[in-house]
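**Student:** Heads up: the sequence shown is residues 100 to 194, going by my numbering. Cβ atoms here follow ideal geometry from the backbone N, Cα and C, with glycine treated the same way. Predicted model only: the values in this text are computed from it and were never measured. Mind looking over this structure? Questions follow.
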Amino acid sequence: VHIPKINGFDLKASYRNNKGPGNIPKRDKWAQHHDLSEQAMDLAALVKLPENEVVNSMIGTECYTEHTLPLALYHATKYPSDFKTAVLADVHAGG
100 VHIPKINGFD
110 LKASYRNNKG
120 PGNIPKRDKW
130 AQHHDLSEQA
140 MDLAALVKLP
150 ENEVVNSMIG
160 TECYTEHTLP
170 LALYHATKYP
180 SDFKTAVLAD
190 VHAGG
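As structure tokens, this is what we get:
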């Protein structure tokens with residue numbers, strides 16, 4: 100799985116700076132949601148980091164599909180024997 104090049108913090112900043120997602124030029128908006136990192140996501144390395152360093156700053160938010168799958172995989176790997184905690188962590192990732 101490849102994560103988007105833009106992280107959650109930068110995506111939110113882009114929305115703020117453009118006074119909403121509808122004001123971002125279509126070409127830029129497309130790139131925000133379709134340009135993926137060239138390197139595959141390293142779940143083994145990510146789960147060793149504090150969750151607040153991974154969510155939003157490295158992967159993204161939970162509201163877009165290209166962020167949802169990587170975050171779901173991350174939380175499932177981080178909490179392999181605690182489904183409820185993994186799902187709640189995913190929900191609390193925001194969006």
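Alpha helix (DSSP H) containing Ser113: first to last residue?
**Tutor:** Locating residue 113 in the sequence shown gives position 14, where the first residue counts as 1. Run containing Ser113: Gly107 to Asn116, per the alpha helix (DSSP H) assignment.
**Student:** Using 8 Å as the cut-off, can you tell me whether the segment 110-119 makes contact with the segment 133-152, which would need three or more C-beta pairs spanning the two stretches below that distance?
**Tutor:** No, because fewer than three Cβ pairs between the segment 110-119 and the segment 133-152 fall closer than 8 Å, the two stretches do not touch.
**Student:** CA-CA distance, Ala185 and Asp127?
**Tutor:** Residue numbering aside, residue 185 sits at position 86 when the sequence shown is read from its first letter. Residue numbering aside, residue 127 sits at position 28 when the sequence shown is read from its first letter. When rounded, the distance between both Cα atoms is 32 Å.
**Student:** Suppose contacts are defined by Cβ-Cβ distances below 8 Å. Is Ile102 in contact with Pro169 by that definition?
**Tutor:** Position 3 of the sequence shown, counted from the start, is the residue given in the question as residue 102. Position 70 of the sequence shown, counted from the start, is the residue given in the question as residue 169. Cβ distance < 8 Å, so Ile102 and Pro169 count as in contact.
**Student:** Which residues in the same chain have their Cβ closer than 7 Å to the Cβ of Phe108, if we skip the five residues on either side of it in sequence?
**Tutor:** Indexing the sequence shown from 1 puts residue 108 at position 9. If we look at Phe108 and ignore the five residues flanking it on each side, its Cβ neighbours are Asn155 and Ser156.
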